[in-house]
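Those protein sequence lines, which keep their order, are chains X and C.
Just remember that the numbering used here sits 1 ahead of the position in the first sequence, which is counted from 1.
Just remember that the numbering used here sits 1 ahead of the position in the second sequence, which is counted from 1.
C-beta: ideal position from N, C-alpha, C; glycine also.
It should be emphasised that the depicted structure is a prediction, and the values quoted were computed from it without experimental measurement.
There are 2 protein chains.
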Amino acid sequence: MADAEYRLYYWPDIQGRGEFVRLVLEDAGAPYVDVARLPEDEGGGVPGLMACLARDDVGTANLAPPILQQGDLYISQTAAICAYLGERHGLAPEGDARWQALHLQLTLADFVVEIHDTHHPIAGSLYYEDQTAEAQRRTAVFREERLPRSLGYFERVLSLNKAAEGRWLVGADCSHADLSLFQVMTGLEYAFPNALSALADDHPRLFALRDRVRERPNIAAYLASERRIAFNELGIFRHYPELDATAVG
Amino acid sequence: MADAEYRLYYWPDIQGRGEFVRLVLEDAGAPYVDVARLPEDEGGGVPGLMACLARDDVGTANLAPPILQQGDLYISQTAAICAYLGERHGLAPEGDARWQALHLQLTLADFVVEIHDTHHPIAGSLYYEDQTAEAQRRTAVFREERLPRSLGYFERVLSLNKAAEGRWLVGADCSHADLSLFQVMTGLEYAFPNALSALADDHPRLFALRDRVRERPNIAAYLASERRIAFNELGIFRHYPELDATAVG
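Shown next, in the form of structure tokens:
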């Protein structure tokens, strides 16, 4: 591992936003160290992450994980890291279309904030249990308006991408945005199985993309490995049955 | 205006997220048409904006404004547009530091979501008046935790940027991220004058940067022009006195 090109700094016990970065690294087959998952006496654990956040000698200081380190370069913000890695590893379209891959990645990031805020509408610093009334109210709007809006948008983007015959979001091949869309679909399936299944028939390309990414060899190997952390109720995608819609039919 | 290189599609009556794009275009002196502010019979108004959102022939379809058009290229997402324009017009650092300008821009975008959600914690589709109880609760956390956290971060980034002696966020010169930070500081001053003034003494570089950007010739001319829309209670930065802290001292 001493030769790994990249070091990822992220919380060790959740998929969270770090997972979007892990998926690009894994699909690219890029050697990386997931620093906070190393033992503390090897510089890992949460102390290893905190030490990175506290560093004052890394160019632009970082506010929050995930952070990617490559030599002297430190980049934070999930979408920026995914775009950077995508462009270096053949997971971004050529030319100006790379800006469209970035805008898709950012639209996914907005959607992820909305998904997170279903269970934390008041404050990330409070427990879910301390904001359940507001969470119920916000999640009802999410299920009825925001979830169909976002899924409808990405289905439309797929249907219009003639370069890939609807298989990928932008350009002819898989990009970092497709890997992130896979993660969102997988996370929604965990958090809101009823609400998501009710929308399946109207979004065939989204579900096909999810399956297509899951079957990519490097992704399949990753998902079957111990490197893939299971979904849980500490991350972005949380399954609280009281927030999911009733099963249809 | 027929020769304008850029067309910006954004709501005509608010600064909103479009303002971050306008500031880059204005500082760069780049000729642009603010489409929705044209008369409807010239293709403007909200119908002009809606027609752009409905287009199926622009590569990647766009979900929401702002959208920048340059010839056949359409880019949405504020941070992506600002980075694109910044890199084309000398408002981004050279080399890999451009990724740090992007991550700063994205950290500002996250902060803008938090600012917006103080008055809309439940749903953007509901009126503020329909979510005032939740807004009070969320804004208390914002004032006590999130506002100091973000201002402290950007002050720290300035203090550590030796290339500019603390005058700019990244690199030796003004970048798109600095222009966006100016807009955030100006908006906070409008929305939360009491909460912001209580933090002024501890964040001298942030306030100096705000003044430094305001005095740039193209920005000063823009702010004095009719092109600058006034802050109002339809945008991101809203002044609801009941949400602002009591004046200190």
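{"Query": "Identify every residue that forms a DSSP beta bridge with leucine 64 (chain C).", "Result": "BP columns for leucine 64 (chain C) are empty, so no partner."}
{"Query": "Return no unless some Cβ of chain X is closer than 8 Å to the Cβ of valine 113 (chain C).", "Result": "no"}
{"Query": "What residue range is occupied by the uninterrupted alpha helix (DSSP H) comprising arginine 150 (chain X)?", "Result": "148-161"}
{"Query": "With a threshold of 6 Å on Cβ separation, who are the neighbours of arginine 18 (chain X) within its own chain once the five nearest residues in sequence on each side are excluded?", "Result": "Pro67 and Thr79"}
{"Query": "Identify the continuous alpha helix (DSSP H) that holds isoleucine 82 (chain X) and give its terminal residues.", "Result": "79-89"}
{"Query": "Tell me whether the beta-carbon of histidine 121 (chain X) lies closer than 8 Å to the beta-carbon of tyrosine 129 (chain X).", "Result": "yes"}
{"Query": "In the DSSP assignment, find the unbroken beta strand (DSSP E) run with leucine 9 (chain C) in it and report its ends.", "Result": "7-10"}
{"Query": "Should the stretch 125-145 of chain C be regarded as contacting the stretch 103-110 of chain X, the criterion being three or more beta carbon pairs within less than 8 Å?", "Result": "no"}
{"Query": "Would you be able to state if there are at least three C-beta pairs under 8 Å between the stretch 24-44 of chain X and the stretch 199-207 of chain X?", "Result": "no"}
{"Query": "Can you pull the DSSP bridge partners for glutamine 71 (chain X)?", "Result": "X:Leu74"}
{"Query": "Assuming valine 34 (chain X) is part of the beta strand (DSSP E), what are its boundary residues?", "Result": "33-35"}
{"Query": "Grouping DSSP H, G and I as helix and E and B as strand, with all else coil, what is isoleucine 237 (chain X)?", "Result": "coil"}
{"Query": "Residues in its own chain within less than 6 Å of serine 151 (chain X) by CB, not counting five upstream and five downstream?", "Result": "Phe112"}
{"Query": "From tyrosine 10 (chain X) to glutamate 243 (chain X), what does the alpha carbon distance come to, in whole angstroms?", "Result": "33 Å"}
{"Query": "Pull up the distance between the alpha-carbon of isoleucine 76 (chain C) and that of proline 40 (chain X), whole angstroms please.", "Result": "43 Å"}
{"Query": "Once you ignore the five residues that flank arginine 239 (chain X) on each side, which residues in its own chain have a CB closer than 7 Å to its CB?", "Result": "His120 and Ala192"}
{"Query": "Under the rule that 16 or more other beta-carbon atoms within 10 Å means buried, what is alanine 55 (chain C), buried or exposed?", "Result": "exposed"}
{"Query": "Can you check whether the C-beta of threonine 133 (chain X) is within less than 8 Å of a C-beta belonging to chain C?", "Result": "no"}
{"Query": "What residues in the stretch 83-101 of chain C have a beta carbon less than 9 Å from any beta carbon of chain X?", "Result": "Ala84, Tyr85, Asp97, Ala98, Trp100 and Gln101"}
{"Query": "Closer than 7 Å between beta carbons: that is the criterion. Which residues of the stretch 203-224 of chain C meet it against chain X?", "Result": "none"}
{"Query": "When we look at the beta-carbon of alanine 102 (chain X) and count the other beta-carbons within 10 Å, is it buried (16 or more) or exposed?", "Result": "buried"}
{"Query": "In chain A, what lies closer than 7 Å to leucine 105 (chain C) by C-beta?", "Result": "Structure shown: chain A not included; protein chains present are X and C."}
{"Query": "Just the chain C side, please: which residues come within less than 8 Å of leucine 74 (chain X) by C-beta, in chain order?", "Result": "Asp97 and Trp100"}
{"Query": "Once you ignore the five residues that flank alanine 98 (chain X) on each side, which residues in its own chain have a CB closer than 8 Å to its CB?", "Result": "Val171 and Gly172"}
{"Query": "Within a Cβ cutoff of 8 Å, which residues of the same chain sit near leucine 235 (chain X), ignoring the five residues on either side of it in sequence?", "Result": "Asp14 and Ile15"}
{"Query": "Just reading off the alpha helix (DSSP H) that tryptophan 100 (chain X) is part of, what are its end residues?", "Result": "98-120"}
{"Query": "Which runs of the alpha helix (DSSP H) spanning at least 4 residues fall entirely within the stretch 156-207 of chain X, listed in chain order?", "Result": "177-192 and 194-198"}
{"Query": "Please decide whether serine 176 (chain X) counts as near chain C, where near means a Cβ-Cβ distance under 8 Å.", "Result": "no"}
{"Query": "Pull up the CB-CB distance for tyrosine 223 (chain X) and arginine 229 (chain X), whole angstroms please, since I reckon it's below 8 Å.", "Result": "6 Å"}
{"Query": "Closest to glycine 96 (chain C) by C-alpha separation, out of X:Arg206, X:Gly96 and X:Tyr85, would be which residue?", "Result": "X:Tyr85"}
{"Query": "Could you compute how far the alpha carbon of threonine 187 (chain X) sits from the alpha carbon of leucine 127 (chain X)?", "Result": "26 Å"}
{"Query": "Closest by CA to glycine 72 (chain C), which one among C:Glu6, C:Ala225 and C:Ala81?", "Result": "C:Glu6"}
{"Query": "Does valine 47 (chain C) pass the burial test, meaning 16 or more other C-beta atoms within 10 Å, or should it be called exposed?", "Result": "exposed"}
{"Query": "Among the candidates X:Cys53, X:Asp179, X:Glu146 and X:Asn233, whose CA atom is the shortest distance from the CA of asparagine 162 (chain X)?", "Result": "X:Asp179"}
{"Query": "What are the residues of the stretch 25-37 of chain C that lie near chain X, defined by any Cβ-Cβ distance shorter than 8 Å?", "Result": "none"}
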